[in-house]
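Colleague: In this note's numbering, the protein residues as written are 164 to 372.
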Amino acid sequence: MSKVIVMDHPLIQHKIGWIRRAETGSKDFRTLVSEIAMLMCYEATRDLKLSDVEINTPICRTTVKELHGKKLAVVPILRAGLGMVDGMLNMIPAAKVGHIGLYRDPNTKEPVEYYCKLPEDCPEREVFVVDPMLATGGSAVAAIQMLKEKGVKNIRFMCIIAAPEGVKRMQEAHPDVEVYIGALDDQLNEDCYIVPGLGDAGDRIFGTK
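#1: Roughly how many angstroms lie between the CA atoms of A243 and Y277, to the nearest whole one?
#2: Name the DSSP beta bridge partners of A325, please?
#3: How big is the Cα-Cα spacing for I324 and K313?
#4: Can you name the start and end residues of the beta strand (DSSP E) that P239 belongs to?
#5: Taking the beta carbon of D284 as the centre, do at least 16 other beta carbons fall within 10 Å, making it buried, or is it exposed?
#6: With H, G and I counted as helix, E and B as strand and the rest as coil, what does DSSP make of P338?
#7: If contact is defined by three or more beta carbon pairs under 8 Å, each pair taking one atom from either stretch, is the stretch 318–333 in contact with the stretch 344–355?
#8: Looking at C-alpha atoms only, which residue of N270, L235, V275 is the closest neighbour of P256?
#9: Under the three-state reduction of DSSP, which class applies to N253: helix, strand or coil?
#10: For a quick check, are the C-beta atoms of L361 and R183 less than 8 Å apart?
#11: Thinking C-alpha only, which one of G250, A306, G246 is nearest G274?
#12: Just tell me which of D294, K190, D268 has its CA closest to the CA of C204.
#13: I'd like the span of the alpha helix (DSSP H) that includes G370, first residue to last.
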């Protein structure tokens, strides 16, 4: 089974509390989502490998630590995943960004692909797939499958809020993918929205509802 990490950092939990509020407007919601993504990125990159590098300081020659070998990429699932990209890049500015476009069929609730554009060297990178919500898990499972079919082997998935149903589906479909979650909620309702959740993340980020 894949490794599932639920974040317990007080700042992450505090900010998630604010994006849950119905009265939080789009501007503040966008800012908070970006800040949460940045804090989660800090936690999710904790095990990246380091190597020793010799440098010159203004005083003398010394050995410092640098990220070893692995190049990184951030791949948001459109459209809501875009809200997490800037926060991720604040932490890992050298990362490249790809995009996967999926929408949920209103009848079947299953994901339908409409766009995919990735860095040319994506298979050589450690890829962070980001989406604020992991509800049924359909979009995340499909996006990761698309990446695997294009040769990507090192994948992590990051979401702000998840339902147990989505986590279970991810673990069954992609047991090799580490899953990072800001808050694990109770369940899905009959419309496949996370409860208590925060509503539609895409609509709240972009003010489209």
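Glycine is no exception: its CB is placed at the ideal position from the N, C-alpha and C atoms.
Modeller: Concretely, from the data shown:
#1: Within the sequence shown, residue 243 is the residue found at index 80, counting from 1. Within the sequence shown, residue 277 is the residue found at index 114, counting from 1. Straight-line Cα distance between these residues: approximately 15 Å.
#2: On the sequence shown, position 162 is the one that residue 325 refers to. DSSP, once it has assigned bridges, lists L297, L347 as partnering A325.
#3: Start at 1 with the first residue of the sequence shown, and residue 324 comes out as number 161. Start at 1 with the first residue of the sequence shown, and residue 313 comes out as number 150. I324 and K313: Cα-Cα distance of roughly 27 Å.
#4: Locating residue 239 in the sequence shown gives position 76, counting from the first residue. Per DSSP, P239 belongs to the beta strand (DSSP E) from 234–241.
#5: Looking up residue 284 in the sequence shown gives position 121. Counting Cβ neighbours within 10 Å, D284 comes out exposed, since fewer than 16 surround it.
#6: Taking the first residue of the sequence shown as position 1, residue 338 is located at position 175. P338: coil per DSSP, three-state reduction.
#7: yes
#8: Position 93 of the sequence shown, counting from 1, holds the residue named residue 256. The shortest C-alpha separation from P256 is found at L235.
#9: As a first step, residue 253 must be located in the sequence shown, where it is residue number 90. In the structure shown, N253 sits in a helix (DSSP, three-state: H, G or I).
#10: In the sequence shown, the residue the question calls residue 361 occupies position 198. In the sequence shown, the residue the question calls residue 183 occupies position 20. It is a contact, given that the beta carbons lie within the stated cut-off.
#11: Stepping through the sequence shown from its first residue, residue 274 is reached at position 111. Note that residue 274 is Pro in the sequence shown here, rather than Gly. Comparing Cα-Cα distances from P274 to each of G250, A306, G246, the minimum goes to A306.
#12: If you number the sequence shown from 1, residue 204 lands on position 41. For C204, the nearest C-alpha among the options comes from D294.
#13: Here the question's residue 370 lines up with position 207 in the sequence shown. Premise fails: G370 is in no alpha helix (DSSP H) and is neither H nor E.
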